[in-house]
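Worksheet for the structure shown next.
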Amino acid sequence: MPVANKPSLVTLEDFFRFAVRRFRAARLAYGHGTTSATDEAAFLILEALRLPIHHIDPWLDYKPTAAERARLLTLIDARIALRMPAPYLVGAAYMQGVRFQVDRRALIPRSFIGDMLAGGTLPAVKPRRILDLCTGSGCLAILAALAFPRATVDAVDISAGALALARRNVAAHRLGDRIAIHRGDLFRPVQSRRYDLIISNPPYVD
Numbered sequence: 004m005p006v007a008n009k010p011s012l013v014t015l016e017d018f019f020r021f022a023v024r025r026f027r028a029a030r031l032a033y034g035h036g037t038t039s040a041t042d043e044a045a046f047l048i049l050e051a052l053r054l055p056i057h058h059i060d061p062w063l064d065y066k067p068t069a070a071e072r073a074r075l076l077t078l079i080d081a082r083i084a085l086r087m088p089a090p091y092l093v094g095a096a097y098m099q100g101v102r103f104q105v106d107r108r109a110l111i112p113r114s115f116i117g118d119m120l121a122g123g124t125l126p127a128v129k130p131r132r133i134l135d136l137c138t139g140s141g142c143l144a145i146l147a148a149l150a151f152p153r154a155t156v157d158a159v160d161i162s163a164g165a166l167a168l169a170r171r172n173v174a175a176h177r178l179g180d181r182i183a184i185h186r187g188d189l190f191r192p193v194q195s196r197r198y199d200l201i202i203s204n205p206p207y208v209d
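If you want the working numbering, it's the position in the sequence shown, counting the first as 1, plus 3.
Put into structure tokens, the structure is as follows:
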């Protein structure tokens, strides 16, 4: 949808309201970090422009450039036409406020384990060696390393594509000295090692 055909879209508030209306009309499904058309529109717009994603209100008066307006319209159209989750469209997802790069090589991060790591609901232990099986994008391995600063983490996955993505995330968070990436099936790459904590959120299909 060319920007020239939408002269009423001037501020981010205009784009936000436009996206919410279209998402509701399209009856989109949510659940990859958002639960409503309002939250989805806010996330898509803010992340697309690399603005802080916590609140859209401070940015509602911002007037995006022509290039930014074109990008927003393209993403809004793609979210509806492709039925693709917003994190895949913008290449990013968040867990516990931590940003991770995502693409279709791994599932979008969603796990109650992240809540447990952040909320201190795990048993009162201070693990020094942690194993993350089926690491995917590496999100849980990274959250574990952040939760336990003295621990080292082995992150295992059988998918070369997922591990390439995990390496990017580990590098982005500068944890390469504490997180080791291993390719293989479950425990096989690390079968001779012992761990204080093992976490896993394997892929599944409803």
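C-beta: ideal position from N, C-alpha, C; glycine also.
As assigned by DSSP and simplified to three states, the class of residue i
i       : result
Phe-26  : helix
Leu-85  : coil
Pro-192 : helix
Arg-132 : strand
Asp-199 : coil
Asp-157 : strand
Arg-170 : helix
Asn-204 : coil
Ala-109 : coil
Identified DSSP bridge partners for residue i
i       : result
Ala-95  : Gln-104
His-185 : Val-159
Residue i and residue j closer than 9 angstroms at C-beta
i       : j       : result
Ala-150 : His-176 : no
Phe-18  : Arg-53  : no
Leu-49  : Ile-59  : yes
Thr-155 : Ile-133 : yes
Leu-12  : Asp-64  : no
Asp-80  : Gly-94  : no
Leu-166 : Asn-204 : no
Gln-99  : Ala-121 : yes
Pro-90  : Ile-111 : yes
Val-173 : Gly-141 : yes
Buried/exposed call for residue i, threshold 16 Cβ in 10 Å
i       : result
Gly-117 : buried
Met-87  : exposed
His-35  : buried
Ser-39  : exposed
Phe-115 : exposed
Ala-7   : With a pLDDT of only 45 at Ala-7, under the threshold of 50, the placement of this residue in the model should not be trusted; the figure read from the coordinates follows. Ala-7 is exposed by the Cβ-count criterion.
Ile-182 : buried
Runs of beta strand (DSSP E) lying entirely within the segment 8-78, each at least 3 residues, in chain order = none
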